[in-house]
Ligand SMILES: Nc1ncnc2c1ncn2[C@@H]1O[C@H](COP(=O)(O)OP(=O)(O)OP(=O)(O)O)[C@@H](O)[C@H]1O
Ligand SMILES: [Mg+2]
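Numbering (my numbering), first residue to last: 16 to 289.
Here it is in structure tokens:
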């Protein structure tokens, strides 16, 4: 079937809308990892709020289409409002952060069984149809691995930075190297590594226990000639805050983890302003 040349091609239209949206967003960052469960969503959420606390306008796009956890971790669980007269959707605003995720649009516990092209299309729609407005930073929280979502986010968001999250164990570092190499292949200009679950903060004495080891992420970042953004310890309150939709960096009580996120967000700002 041939396209009617008189009708606009929907893909071209979508690309134009994405271009218009990106023109209003200064810095785009993708957060991913080679391995699942290493803390990508935790890092994306807390980094987004840390950047917000440094007086930036920030958006968070949940690009993990089949395992969307951003609403649970931020408490932004209501459906986004669509504007009746168009295809446009307003992001949810939770504690000042603009958020979009597919999760609130799905019935509870419903699996989303979509092949790669459909998942990629959802990400393109989040860029084209969501009214992000002017932003200093848009972060995308990606699923684990190096699949379609990472490719689509890299091609459509044109991120200036990839943040690769790893834990200190060798099994995670092996996959992290693959993720760093993918970011290099995709020509993402700045690559930063975050070492998460780097030491456990004892809830009783606040001493750090070197449970998974520490320093592997920094060593790997040096070897691969990419930025090391910082290390985040394992802390009980991080997991509790995630489960309750209260990111740790928004807590008024100071913690080692909040301090670590502050340093990481300062590093991100410094690298992207250069
Ligand atoms: N520094 C930390 N301290 C304590 N708990 C943490 C820390 N980082 C992550 N967690 C917990 O580990 C679990 C996995 O984290 P998270 O969901 O952020 O990982 P992920 O890499 O996004 O996973 P997925 O690959 O499934 O998307 C969560 O329960 C989270 O609360
Ligand atoms: Mg996740």
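Glycine included, every Cβ here is placed at the ideal spot set by N, Cα and C. Please read these numbers as outputs of a predicted model, since none were measured by experiment.
Which term fits residue i, buried or exposed, when burial requires 16 or more other beta carbons within 10 angstroms of its beta carbon?
i, result
"residue 190", "buried"
"residue 109", "buried"
"residue 232", "buried"
"residue 159", "buried"
"residue 117", "buried"
"residue 98", "exposed"
"residue 285", "exposed"
"residue 51", "exposed"
"residue 211", "buried"
"residue 139", "buried"
"residue 268", "exposed"
"residue 213", "buried"
"residue 164", "buried"
"residue 218", "exposed"
"residue 273", "buried"
"residue 289", "exposed"
"residue 154", "buried"
Going by C-alpha distance, which of the options is nearest residue i?
i, options, result
"residue 71", "112, 186 and 124", "112"
"residue 76", "150, 207, 271 and 203", "150"
"residue 41", "124, 93, 148 and 277", "148"
"residue 66", "286, 277, 288 and 181", "277"
"residue 121", "141, 94 and 135", "94"
"residue 209", "248, 136, 68 and 289", "248"
"residue 287", "207, 273 and 260", "207"
"residue 242", "219, 283 and 230", "283"
"residue 82", "134, 28 and 246", "134"
"residue 137", "161, 53, 39 and 168", "168"
"residue 173", "88, 37 and 48", "37"
"residue 74", "245, 39 and 235", "39"
"residue 68", "162, 245 and 152", "152"
"residue 43", "34, 176 and 86", "176"
"residue 245", "96, 129, 182 and 193", "182"
"residue 188", "127, 89, 53 and 259", "53"
Quick one: grab the DSSP three-state call for residue i.
i, result
"residue 278", "helix"
"residue 210", "strand"
"residue 43", "strand"
"residue 261", "coil"
"residue 196", "helix"
"residue 167", "helix"
"residue 222", "coil"
"residue 205", "strand"
"residue 239", "coil"
Can you list, in chain order, the residues of its chain with a C-beta nearer than 6 angstroms to that of residue i? Leave out the 5 residues immediately preceding and following it.
i, result
"residue 91", "107, 109 and 114"
"residue 201", "169"
"residue 161", "197"
"residue 35", "none"
"residue 264", "61, 64, 65, 273 and 276"
Between residue i and residue j, how many whole angstroms is the CB-CB distance? I'm expecting something under 8 angstroms.
i, j, result
"residue 62", "residue 280", "6 angstroms"
"residue 78", "residue 157", "5 angstroms"
"residue 224", "residue 215", "4 angstroms"
"residue 186", "residue 48", "With a Cβ gap of about 12 angstroms, residue 186 and residue 48 do not count as contacting."
Using a Cβ-Cβ cut-off of 8 angstroms, state whether residue i counts as contacting chain B.
i, result
"residue 62", "You won't find chain B in this structure, because it holds only one protein chain."
Spatial neighbours of residue i within its chain, please: CB distance less than 8 angstroms, with the 5 preceding and 5 following residues excluded, ordered by chain position.
i, result
"residue 184", "227, 228 and 231"
"residue 144", "32, 102, 103 and 104"
"residue 237", "243"
"residue 96", "104 and 105"
Could you name the residues of the same chain whose beta carbon sits closer than 7 angstroms to that of residue i, not counting the 5 residues immediately before and after it, in chain order?
i, result
"residue 84", "56"
"residue 29", "139 and 143"
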